[in-house]
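Structure first, then comments.
There are 2 protein chains.
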Amino acid sequence: MKKLIFSIIGAGNGGHAFAVHLTLLGFKVNLYDVDPERVQELKITGKIRAEGALKGEVSINLITNKINEAIVNTDIIMVVIPSVYHASIAKAMAPYVSGDQIIVLNPGATGGALEVMNILKEEECSSIPVVAETNTLLYACRSPRSGEVLISGLKEKVCVAALPSRKATQVANLLNQAFPQFQPVSSIMMTSLENVNAMLHPAPTILNAGRIESQEVFRYYFDGVTPSIAALIEQMDNERLEVGKALGANLPSVSDWYGYSYGVQGESLYDKIQGVTAYEGIQGSTSLNNRYLFEDIPTGLVPLSELGKAVGIETPTINAIVELGNTLLKRNFWEEGRSLKRLGLEGKSSTQILELLSS
Amino acid sequence: MKKLIFSIIGAGNGGHAFAVHLTLLGFKVNLYDVDPERVQELKITGKIRAEGALKGEVSINLITNKINEAIVNTDIIMVVIPSVYHASIAKAMAPYVSGDQIIVLNPGATGGALEVMNILKEEECSSIPVVAETNTLLYACRSPRSGEVLISGLKEKVCVAALPSRKATQVANLLNQAFPQFQPVSSIMMTSLENVNAMLHPAPTILNAGRIESQEVFRYYFDGVTPSIAALIEQMDNERLEVGKALGANLPSVSDWYGYSYGVQGESLYDKIQGVTAYEGIQGSTSLNNRYLFEDIPTGLVPLSELGKAVGIETPTINAIVELGNTLLKRNFWEEGRSLKRLGLEGKSSTQILELLSS
């Protein structure tokens, strides 16, 4: 069996972890970053060192800020960048990808694979690769500086879905050559709609806007998610679950997710969150212009709302949070974000969407 | 000229002030309150004493918790209760009012006169009085206990509008027998849409929900209305002004209102609010279940949104605040509040509404 060659797109926390891990496992890795300075820093030694759950220092096959160099002749393109950049990287990759490659968004947030696939088609990509997305990043990790990464843990299971859907098993099998954690799921709605960040980030940020902009020190989860705010999150979560049902995805609630991810018990979501020891030390931002809004709204709440609209499910609480995010940041996430148009679903009926998702 | 007889509906702060002021001016006053205990307390001496801008102690003609006793044979019915109770008091008064009386809501909030008029018609009131509403309460006052009121000031001008509109001048002329401050305006949209509380109360409360429910001490205006929250208020205010324009009412902005009400200057609404010395000492609530939400949403934001809908003006920011208020308080203010149905405007065209407002 030919040893797979990987592209790693993005030399942030997760990109560092994938690059070192794959190289330690004996795979050839091309590491790309859009930032020439970061690439320059990495090329000084050409090495990445891991500490924590994985230990070792490796030389990376290729470090580059040229996307064509990074992806030509590789088998699997692991995209490990903030979801708001999925569209621009897809556009940049479109001239160079080929139909025997697999793009994997780690993770896709909501609608990542759909958005990337739509861009590849719009760019008239001659030979379209499989586009896969995961529900989460394999690693809990942090890169304190270029060339170093602290890996505090690896998830036991990462779900991967694909477009076309029937390719999920093949994608998972290939990834399993490096990572036993990847497991195929039948629909990208399973990965796309399991967007817990979209539930936990924008609403508490907006409902603590006064505190945040007053630059008050507060514990994001323990002080910021009060009982009424937790109840509001559950309301948004019910909307998400209803959208999932209409799209054939039977999803766990955020409250259930806390149970199996953190092992916490409690009568309410509020009680569970108060019991998550991993949240100790996590403070609220001191600016509203942060990823909890400008990332989780356009690639989380907007596509949730838009998918709901496409299948006749109303999402009034989610919509209200998007609207206030727009006003507070003076942006229009309905247009910037993953609308039905950007997901390639505009004008499609529920039936057509369900067919697409199961093709 | 026959001396007018007044009913005062509501023995709260404003009701105390009207009762003592009118009696001092030599008018006969019937004072009603829904709460039998409060009536009992007031009846012990039958007197009210004023301190501050008005001073004196008077015996009230009649103090009662029977609505028919309070309003039969009076000329002007001054309603001085929270706006969320306008509907229930209208229903209670319907069997006893007559066409030669005038009901004045002090103030009406948004849509008060419309809501009361609609109830009188629904209740098949045989002889329908003029229903008027003001933009504000004449007094700045506080009743520390039954029978006492501290009047810290009187407004220089109170606008009054009526249904039918052409009666505003007659209403103002009658009220001027007691109060020179009342001035007629041509449309209830002038009084109804000048709802500054609807701009200043719900949004900062919701955007400080975390603080409020954490029972944190903060200054409601100075700390609670941060630059981004002030900008969001201005966005809501633009929506309000657009609704006004479409309904023929050219309204001052909240920012202009701060200029002429408090004499503050500033480049932005944020700057102006920071300069209002009257806001010193005003702290945020320690519960989300307070009048800033459960009053100003159903009788402020809901009718603003509904009137906008009737004339084709979108109010997305206002709607988002209503929606989050619904979720946080687990209520449905779209149904409980002053909807087009409750305002008697359901199914009416813009043209029909404009005709009604100018009749």
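Quick mapping for you: the protein sequence lines, in order, are chains U and H.
So the first sequence is numbered by UniProt numbering: it starts at 1 and just counts up by one.
So the second sequence is numbered by UniProt numbering: it starts at 1 and just counts up by one.
Even glycine gets a Cβ: it sits at the ideal position worked out from N, Cα and C.
- Contact annotation: the segment 281-295 of chain H touches the segment 215-224 of chain H, with at least three C-beta pairs closer than 8 Å.
- Beta-bridge partners assigned by DSSP to U:Y32: U:I9, U:T64.
- When the five nearest sequence neighbours on each side are left out, the beta carbons in the same chain lying within less than 8 Å of the beta carbon of U:L232 are those of A203, L207, T317, in order along the chain.
- Beta-bridge analysis with DSSP links U:G56 to U:A50.
- Residue pairing for H:P164: DSSP places it in no beta bridge.
- Residue state for H:L150 is assigned as strand, using DSSP reduced to three classes.
- At least 8 Å separates the beta-carbon of H:R142 from that of H:L154.
- Sixteen is the threshold: when 16 or more other Cβ atoms of the shown chains lie within 10 Å of the Cβ of H:P298, as they do, the residue is buried.
- In terms of CA proximity to U:N118, U:A90 leads the group U:A11, U:A90, U:T136.
- Residue pairing from DSSP places H:R219 in a beta bridge opposite H:Q283.
- The beta carbon of U:S255 sits no closer than 8 Å to any beta carbon of chain H.
- Proximity of U:A209 to chain H, defined by a Cβ-Cβ separation below 8 Å, is satisfied.
- Around the beta carbon of H:I44, fewer than 16 other beta carbons sit within 10 angstroms, so the residue counts as exposed.
- Rounded to whole angstroms, U:M78 and H:Y258 show a C-alpha spacing of 55 Å.
- Here DSSP, grouped into helix, strand and coil, assigns H:F182 to strand.
- Per DSSP, the beta-bridge partners of U:R142 are U:L150.
- For the alpha helix (DSSP H) assignment, the uninterrupted runs of no fewer than 4 residues enclosed by the segment 198-264 of chain H are, from N- to C-terminal side, 202-207, 209-213, 227-246, 254-262.
- Within the segment 87-124 of chain H, the runs of alpha helix (DSSP H) at least 4 residues long that lie entirely inside it are, in chain order, 112-122.
- Contact of H:L301 with chain U is not assigned, every C-beta pair being separated by 8 Å or more.
- Look at U:M78 here: in three-state DSSP terms it is strand.
- Residues of the segment 213-234 of chain U with a C-beta less than 7 Å from any C-beta of chain H: E213, S214, D223, G224, T226, P227, S228, I229, L232, listed in chain order.
- For the pair U:V158 and U:Q181, the CB atoms are nearer than the 8 Å cut-off.
- In terms of beta-carbon proximity, U:I103 stays away from the interface with chain H, with every pair separated by 8 Å or more.
- Per the DSSP secondary-structure output, U:V130 pairs in a beta bridge with U:I102.
- Taking all protein chains in view, the Cβ of U:D35 is surrounded by fewer than 16 other Cβ atoms within 10 Å, so the residue is classified as exposed.
- Put simply, the CB of U:E239 is far from chain H, with every gap to its CB atoms at 8 Å or more.
- Excluding sequence positions up to five before and after U:R211, its CB lies within less than 6 Å of the CB of F218, all in the same chain and listed in chain order.
- Within chain U, no C-beta atom comes nearer than 8 Å to that of H:P95; the closest sits roughly 39 Å away.
- Against H:A320, the close residues of chain U are A320, E323, L324, in the order they occur along the chain (beta-carbon pairs closer than 7 Å).
- Taking 8 Å as the cut-off, the beta carbon of H:P129 is found no closer than this to the beta carbon of H:S165.
- A residue is called buried once 16 or more other Cβ atoms fall within 10 Å of its Cβ, and U:G108 is buried on that count.
- Around U:N326, the same chain offers N332, F333 as residues with beta carbons nearer than 6 Å, after the five sequence neighbours per side are excluded.
- For U:T327, the enclosing alpha helix (DSSP H) has its first and last residue at 316-329.
- Under DSSP, U:V158 takes part in a beta bridge, and its partners are U:F182.
- Annotation for H:Y85: no alpha helix (DSSP H) segment contains it, and DSSP assigns it neither H nor E.
- Think of a sphere of 7 Å around the beta carbon of H:I206: the chain U residues whose beta carbon falls inside it are L207, in chain order.
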